[in-house]
Amino acid sequence: MGEQNVSEQVSDADRQRFMQNLLTEVRVLERMLDEGLFETGIRRVGAEQEMFIVDSSRRASCKALEILEELNDPAFTTELGLFNLEANLSPYVLTGHCLRDLEEECEGYYRKAQEAALKKGADIALVGILPTLSERDLSLKSMVPNPRYMALNDALLALRGSDFQFTINGLDQLNIRHDNIMLEACNTSFQVHFQVEPDEFARLYNIAQTITAPLLSSVVNSPILLGRRLWMESRIAVFENAIDTRTDVEQLRGTRSRVHFGDNWVENSVAEIFKEDIARFRPILTIDTEEDPMAMLDKGIIPKLHALNLHNGTVYRWNRACYGVADNVAHLRIENRVIPSGPTIADEIANTAFFIGLMSGMMSKVNDVRDHIDFATVKGNFLASARYGLSAELKWFNDQVLPAQDLILDELLPLAESGLRSSGIAADDIEHYLGIIERRVSLRRTGSRWQLDSLAQMEGQGSKNERLRSLTSSMIKQQGTGKPVHEWELAEFCQDQDWRQSYQTVNQYMTTELFTVRPDDIVDFVASLMDWKHVRHVPVEDAEGKLVGLISHRILLRLLAQGKITPEKNLTVGSIMQTEMVVISPQTLTVEAIRMMRDNHIACLPVVEDDKLVGMITEHDLIVVASRLLEESLLSVADDCD
5 MGEQNVSEQV SDADRQRFMQ NLLTEVRVLE RMLDEGLFET GIRRVGAEQE
55 MFIVDSSRRA SCKALEILEE LNDPAFTTEL GLFNLEANLS PYVLTGHCLR
105 DLEEECEGYY RKAQEAALKK GADIALVGIL PTLSERDLSL KSMVPNPRYM
155 ALNDALLALR GSDFQFTING LDQLNIRHDN IMLEACNTSF QVHFQVEPDE
205 FARLYNIAQT ITAPLLSSVV NSPILLGRRL WMESRIAVFE NAIDTRTDVE
255 QLRGTRSRVH FGDNWVENSV AEIFKEDIAR FRPILTIDTE EDPMAMLDKG
305 IIPKLHALNL HNGTVYRWNR ACYGVADNVA HLRIENRVIP SGPTIADEIA
355 NTAFFIGLMS GMMSKVNDVR DHIDFATVKG NFLASARYGL SAELKWFNDQ
405 VLPAQDLILD ELLPLAESGL RSSGIAADDI EHYLGIIERR VSLRRTGSRW
455 QLDSLAQMEG QGSKNERLRS LTSSMIKQQG TGKPVHEWEL AEFCQDQDWR
505 QSYQTVNQYM TTELFTVRPD DIVDFVASLM DWKHVRHVPV EDAEGKLVGL
555 ISHRILLRLL AQGKITPEKN LTVGSIMQTE MVVISPQTLT VEAIRMMRDN
605 HIACLPVVED DKLVGMITEH DLIVVASRLL EESLLSVADD CD
């Protein structure tokens with residue numbers, strides 16, 4: 005998340021001063037480019053490993069600060085959520101066995117984090133989006149208590165002027181409205197940094213944009229958010245919407261979101277990107293900067309460009325330009341942010357090998373990618389890969405339209421191999437890591453495909469929440485083996501899990517597939533609906549989707565007995581519906597729901613959020629919960645008798 009020492013209270017004068025510093029630092033950057041003050045003649049690769057913290061029930065656990073204290077290692081740091089951790093890996097010169105070295109370091113950090121987590125009653129999961137994540141995990145209580153994060157939250161909300169609200173359509177549909185930026189914490193990545201020279205930056209950045217789509221199609225590992233099956237890499241859609249600060253007017257104008265892929269090629273230098281982002285996105289945080297970066301250059305001191313880096317950290321390109329300084333030497337990096345965390349360290353390093361192999365291979369083969377493909381096509385490919393993974397149809401050079409699987413196997417893997425060889429990567433490592441990609445793509449077994457196939461295999465067993473917990477448990481267990489995901493067995497439903505964890509709040513098991521009617525519908529339609537769908541309660545919504553009433557089978561039976569329902573009388577729903585209702589929120593505890601139904605002598609509870617019906621709890625649902633409890637208790641007694 006970058007620089008932490010930001011100003012919490014920002015005045016107009018602070019913003020003006022920061023903007024002046026930002027503009028000065030752009031001029032400093034351009035001078036450094038003109039004078040050749042960047043490191044050249046060497047390529048390096050590094051990475052950031054993000055991860056989820058989970059509890060014994062495989063749900064998000066907010067123990068980041070406790071685990072960091074236990075770790076006591078500067079390589080680890082917080083992310084936005086208290087259920088996230090990040091490990092910053094060392095940069096390695098791109099040659100020899102650097103990929104194996106990167107894997108060993110990353111594996112060591114993963115094991116170290118896991119050991120520390122286990123001491124705190126938690127565990128570590130490597131996945132783009134945690135399948136068991138729920139909306140209750142996304143409140144400000146789950147945010148790391150850091151001034152930068154709260155300042156960022158307040159600033160982004162102020163820019164937007166309203167809650168974040170969006171819809172994502174996939175196999176299921178997610179409609180969400182959120183009043184903070186914690187949706188960003190849904191995503192964890194394996195961010196790869198590739199050091200490049202200033203003179204080749206534009207060319208390589210355009211290559212990175214071009215290859216991102218086929219790379220993404222092969223690495224997808226985030227198909228589920230809040231129990232919904234969405235895109236193969238749902239992180240893309242979630243992140244682009246989670247901190248979308250555009251007002252309604254700006255969206256109508258087509259203003260670019262802070263999270264974006266870009267709209268054009270880079271023409272000449274890295275400075276274009278920084279200028280573009282300063283022009284489009286106003287600063288939302290400020291920081292104390294160096295006194296005079298120009299004067300520092302005159303003295304032979306390379307400035308850190310704090311203002312430029314802070315602003316760059318609040319604009320989220322999927323391929324991000326990065327400026328850094330080490331030992332008074334400046335360098336440039338391209339940070340690839342599309343690769344999700346997991347499924348295993350081996351998978352992540354294979355993804356890294358594929359990325360840098362394609363970068364180097366295309367650099368040698370293609371003089372200028374802009375001569376072979378237009379930017380709109382590249383951007384379209386990116387979105388298609390995020391939605392469909394290896395099932396995406398990608399437009400490629402020479403007006404080809406190819407399945408992502410065929411493009412990777414027939415053209416891109418050989419290109420990546422030649423790129424790694426030209427970079428001096430050891431032959432056995434090339435074979436090993438690209439072999440993982442080849443087998444994963446050939447079998448079409450990405451992390452996302454494994455998750456979806458596992459859920460399909462468990463269909464009909466237990467509740468959705470229990471299936472998601474079984475999925476996450478199997479994922480963590482198989483991650484521990486180190487086997488890449490294409491070798492994993494599908495997850496099986498776990499009969500031994502503590503099922504009570506899946507019934508604590510009503511949103512974990514409430515019925516969401518509802519059949520509703522309008523007040524002007526005829527009563528005969530309601531009766532038919534109850535008969536056809538075997539339901540005993542039908543909610544009534546108005547044209548805006550607001551819950552306005554309820555029809556129960558008891559109401560219909562009473563009216564039928566009184567002779568008020570006959571074929572000749574076309575009664576409307578609005579004339580007989582019950583308007584005085586007891587409703588609950590999705591976060592209502594199950595024990596509270598039971599008490600409310602008992603005390604009010606009612607057989608169902610509509611679940612409402614923002615006046616909109618989102619689910620229903622009935623006596624039948626609670627009978628299922630009670631039967632599980634009774635069965636477990638009786639089995640326990642039987643075991644004691646034995």
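Just so we're aligned, residue 5 is where the sequence shown starts under the numbering used here, counting upward by one. Cβ coordinates follow ideal geometry from the N, Cα and C atoms, glycine included.
For residue i, which three-state DSSP category applies?
i: residue 517; result: coil
i: residue 606; result: coil
i: residue 5; result: Low local confidence applies: a pLDDT of 40 at residue 5 is under 50, so the model's placement there is unreliable, with the coordinate-based value given in what follows. Coil at residue 5, not helix or strand.
i: residue 541; result: strand
i: residue 324; result: strand
i: residue 441; result: helix
i: residue 391; result: helix
i: residue 376; result: coil
i: residue 556; result: strand
i: residue 48; result: strand
i: residue 418; result: helix
i: residue 299; result: helix
i: residue 247; result: coil
i: residue 63; result: coil
i: residue 181; result: strand
i: residue 335; result: strand
i: residue 200; result: strand
i: residue 468; result: helix
i: residue 129; result: strand
i: residue 567; result: coil
i: residue 109; result: helix
Sort the options by Cα distance to residue i and report the nearest one.
i: residue 134; options: 440, 211, 82, 56; result: 56
i: residue 391; options: 83, 623, 196, 233; result: 233
i: residue 49; options: 278, 628, 356; result: 356
i: residue 203; options: 45, 609, 113; result: 45
i: residue 115; options: 432, 91, 97; result: 91
i: residue 288; options: 584, 597, 22; result: 22
i: residue 591; options: 74, 611, 581; result: 611
i: residue 507; options: 118, 471, 342; result: 471
i: residue 222; options: 418, 442, 63; result: 442
i: residue 61; options: 476, 147, 350; result: 476
i: residue 148; options: 77, 103, 70; result: 70
i: residue 140; options: 606, 589, 623, 100; result: 589
Quick one, are the C-beta atoms of residue i and residue j less than 9 Å apart?
i: residue 404; j: residue 394; result: no
i: residue 522; j: residue 544; result: yes
i: residue 452; j: residue 245; result: no
i: residue 195; j: residue 265; result: no
i: residue 559; j: residue 528; result: no
i: residue 32; j: residue 309; result: yes
i: residue 362; j: residue 416; result: yes
i: residue 371; j: residue 216; result: no
i: residue 332; j: residue 304; result: yes
i: residue 247; j: residue 142; result: no
i: residue 80; j: residue 189; result: no
Can you give the beta carbon distance from residue i to residue j, rounded, assuming they're within the 8 Å contact cut?
i: residue 444; j: residue 407; result: No, residue 444 and residue 407 are not in contact; Cβ-Cβ is about 15 Å, not under 8 Å.
i: residue 179; j: residue 157; result: Rounded, the Cβ-Cβ distance is 22 Å, inconsistent with contact.
i: residue 58; j: residue 155; result: Contact flag wrong, Cβ pair sits at about 28 Å.
i: residue 210; j: residue 242; result: Not a contact, Cβ separation roughly 26 Å.
i: residue 193; j: residue 65; result: No, residue 193 and residue 65 are not in contact; Cβ-Cβ is about 20 Å, not under 8 Å.
i: residue 39; j: residue 312; result: The Cβ separation is near 17 Å, so there is no contact.
i: residue 400; j: residue 413; result: That belief does not hold up - the Cβ atoms of residue 400 and residue 413 are roughly 13 Å apart, past 8 Å.
i: residue 474; j: residue 491; result: Contact doesn't hold; Cβ gap of about 19 Å is too wide.
i: residue 386; j: residue 220; result: 7 Å
i: residue 551; j: residue 617; result: 5 Å
i: residue 263; j: residue 320; result: 4 Å
i: residue 353; j: residue 144; result: About 35 Å; that fails the 8 Å criterion.
i: residue 367; j: residue 208; result: 6 Å
Could you tell me whether any Cβ in chain B is nearer than 9 Å to the Cβ of residue i?
i: residue 458; result: Included in the structure is just one protein chain, with no chain B present.
Please name the residue or residues paired with residue i in a DSSP beta bridge.
i: residue 344; result: 193
i: residue 474; result: Answer by DSSP bridge pairing: none, since residue 474 is not bridged.
i: residue 264; result: 321
i: residue 53; result: 91, 194
i: residue 80; result: 91
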